[in-house]
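Asks: Pasting a structure below so you can have a look.
2 protein chains.
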Amino acid sequence: MALTRSDVVDAAIGILDEYGLGDLTMRRLAASLGVQPGALYWHVANKQALLGAVADRILEHLDDDMPTGDWDLRFNELAHRLRAALLAHRDGAEVVAAAHSLRTGQGGTLALLSQVLTDAGFTPAEAELAALAVLHYVLGHTADEQGHAPSETLARTAGTPAAGDTASPAGLATPGTATPGTAEGAAGGPQTSDSPLAGETARFGFGLSVFVDGLRARLT
Amino acid sequence: MALTRSDVVDAAIGILDEYGLGDLTMRRLAASLGVQPGALYWHVANKQALLGAVADRILEHLDDDMPTGDWDLRFNELAHRLRAALLAHRDGAEVVAAAHSLRTGQGGTLALLSQVLTDAGFTPAEAELAALAVLHYVLGHTADEQGHAPSETLARTAGTPAAGDTASPAGLATPGTATPGTAEGAAGGPQTSDSPLAGETARFGFGLSVFVDGLRARLT
DNA sequence: ACCTGAACACCGTTCAAGT
DNA sequence: ACCTGAACACCGTTCAAGT
């Protein structure tokens, strides 16, 4: 049966999760589909476009069933969901960053965050800038996590969360994030597991809340 | 005369400024030095190490003649200097990001920002997290600027700054930043040049000040 | 100590030609 | 419409051998 563009993206995500971005080459992808490298170019313009499609897939359904409530609650929820979506795939943050997919991507992650802030009372220009700023923060922080941190995305497998650490801020259910590829540095580093900032989610939340506090301060 | 490691880094920066990161290959670098590709590996372990050395060079002297004063003033100064240093070389932000050079780099940009915040009264853990957060912001924002914005780093050539826009926040002299490579999108996009957030430096400063406001709010 | 020559094992992309 | 075969123009890295 003939290959489909969606098949190509599926296979790409498969390679990503199993071997990482460094091994996601057009030639390996073709091989995994049992096809010649040139065949891919019928379904996808080039590698950049493929990465864009992969990124769009990673960011799909980011705003499904969004809670209603204060802007800061919704803003936090979106940021945490974004991080969770990136963590759900090996090198997810790097892929999305490489694809420049947050600004333009189909889902419009930038637009989502921006909208919450204009609802809150910011001008469109301010809202977009602030949304971009936290987007950069989330991408950077999550890329760091995926670069050299002990994984933190099982949650479904074990009953007790790894170290008192869940991806969602409140008790809100995260969208269907399957288990990711194995992390490279599984041997725990010097994790100062006593401070209130231990746990990657808490560390992430700290930077996020500083930013949200700064935003709140300008609303008065 | 025999090549020196410093020569190699110099030549790498030359290629970077003239042709960009995409054209900075070991083979091109070797050719520009009139040497065989293999010769480079006597001076540099691999490409990653080379990029690290280039990044270190870009970030050199970031804290020369730092002003004294309130932590927020010094924090802002460092952030603006960092952006200026990145803008001083084509694809500077991407190089530094790729080199993971802010955390570990010789200069210790992370340590510098962190120190300012511990001086301000934050715990070491909080200070490092907050410093990392703005580092991510600066890198992301500046990478965006360098990716598709009309260049903004002449300042020395013309008497009147391009659009009421300088890299330094106050009248503080920036360290020796030479003129960068030409920007790719020289044709001006839809620049809404009326709002108070026009001008890349103002846009950068907005996100930065939101974060600093958030930090100040926790000091009470 | 420093570099050449030459190879190894890859890349992304194009494109005539086949079915 | 969809894919093969085969090439083009590259990569980073290694390493014996030369000087």
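Top to bottom, those sequences are chains H and L.
Mapped onto the numbering used here, the consecutive letters of the first sequence carry residue numbers 1 to 220.
Mapped onto the numbering used here, the consecutive letters of the second sequence carry residue numbers 1001 to 1220.
By construction, the Cβ of each residue, glycine as well, lies at the ideal position given by its N, Cα and C atoms.
Model, not experiment: these values are computed from the prediction.
If you draw a straight line from the alpha carbon of A31 of chain H to that of R90 of chain H, how long is it in whole angstroms?
Replies: Their backbone Cα atoms lie some 20 Å apart in a straight line.
Asks: Quick one, which of H:D70, H:L16, H:E77 has its alpha-carbon nearest L208 of chain H's?
Replies: When each option's Cα is compared against that of L208 of chain H, the closest is H:E77.
Asks: Under a Cβ-count criterion, where at least 16 other Cβ atoms within 10 Å of its own Cβ denotes burial, should L241 of chain H be classed as buried or exposed?
Replies: No answer is possible for residue 241 of chain H: it lies beyond the span of chain H, which begins at 1 and ends at 220.
Asks: Does the CB of D1023 of chain L have a neighbour CB from chain H at under 8 Å?
Replies: Not one chain H Cβ lies under 8 Å of D1023 of chain L.
Asks: Reducing DSSP to helix, strand and coil, say where A45 of chain H ends up.
Replies: In the structure shown, A45 of chain H sits in coil (DSSP, three-state: anything other than H, G, I, E or B).
Asks: Can you tell me whether G69 of chain H is buried or exposed, with buried defined as 16 or more other CB within 10 angstroms of its CB?
Replies: Classification of G69 of chain H: exposed, given that the 10 Å Cβ count is below 16.
Asks: Return helix, strand or coil for E1200 of chain L, following the three-state DSSP convention.
Replies: Correct three-state label for E1200 of chain L: helix.
Asks: Nearest-angstrom Cα distance between A1170 of chain L and Q146 of chain H?
Replies: Note that A1170 of chain L scores 44 on pLDDT, short of 50, meaning its location in the model is unreliable; the coordinates nonetheless yield the value given after this. Rounded to the nearest angstrom, the two C-alpha atoms are 37 Å apart.
Asks: In this structure, does DSSP put Q60 of chain H in helix, strand or coil?
Replies: According to the sequence shown, residue 60 of chain H is Glu rather than Gln. Here E60 of chain H sits in coil by DSSP.
Asks: Could you give the C-beta distance for L1059 of chain L and V1096 of chain L, rounded to a whole number, given that I count them as a contact under 8 Å?
Replies: Contact flag correct, Cβ pair sits at about 7 Å.
Asks: With respect to the alpha helix (DSSP H) encompassing S1032 of chain L, which residues constitute its N-terminal and C-terminal limits?
Replies: 1026-1032 is the span of the alpha helix (DSSP H), which, as asked, contains S1032 of chain L.
Asks: Have a look at H:F122, H:V134, H:A93, H:H100 and flag the residue whose alpha-carbon is nearest the alpha-carbon of L21 of chain H.
Replies: The option with the nearest alpha carbon to L21 of chain H is H:A93.
Asks: Counting only beta-carbon atoms, is D1213 of chain L nearer than 8 Å to chain H?
Replies: Yes - at least one Cβ of chain H is within 8 Å of the one on D1213 of chain L.
Asks: If you draw a straight line from the C-alpha of P67 of chain H to the C-alpha of F204 of chain H, how long is it?
Replies: Rounded to whole angstroms, P67 of chain H to F204 of chain H spans 21 Å at the Cα level.
Asks: For a quick check, are the C-beta atoms of L86 of chain H and T109 of chain H less than 8 Å apart?
Replies: Against a cut-off of 8 Å, the Cβ pair of T109 of chain H and L86 of chain H comes out as no contact.
Asks: By the criterion of Cβ-Cβ separation under 7 Å, what are the contact partners of A130 of chain H in chain L?
Replies: Per Cβ cutoff of 7 Å: G1207, V1210.
Asks: On a CA-only basis, which of H:H100, H:V138, H:D72 is nearest G121 of chain H? Give me that one, please.
Replies: G121 of chain H has its Cα closest to that of H:D72, out of H:H100, H:V138, H:D72.
Asks: Going straight from the alpha carbon of A1099 of chain L to that of M1 of chain H, what length do you get?
Replies: When rounded, the distance between both Cα atoms is 44 Å.
Asks: Does any C-beta atom of chain H lie closer than 8 Å to the C-beta of A1125 of chain L?
Replies: Yes, its Cβ sits closer than 8 Å to a Cβ of chain H.
Asks: Cβ of A1133 of chain L within 8 Å of Cβ of V210 of chain H?
Replies: Yes; because the gap between Cβ atoms is below 8 Å, this pair is in contact.
Asks: Go ahead and pull the three-state DSSP assignment for R90 of chain H.
Replies: It is coil, neither helix nor strand.
Asks: Whose Cβ in chain L lies nearer than 7 Å to the Cβ of G140 of chain H?
Replies: Per Cβ cutoff of 7 Å: H1136, L1139, G1140.
Asks: Can you give the Cα-Cα distance for E1018 of chain L and R1074 of chain L, rounded to whole angstroms?
Replies: C-alpha separation (whole angstroms): 33 Å.
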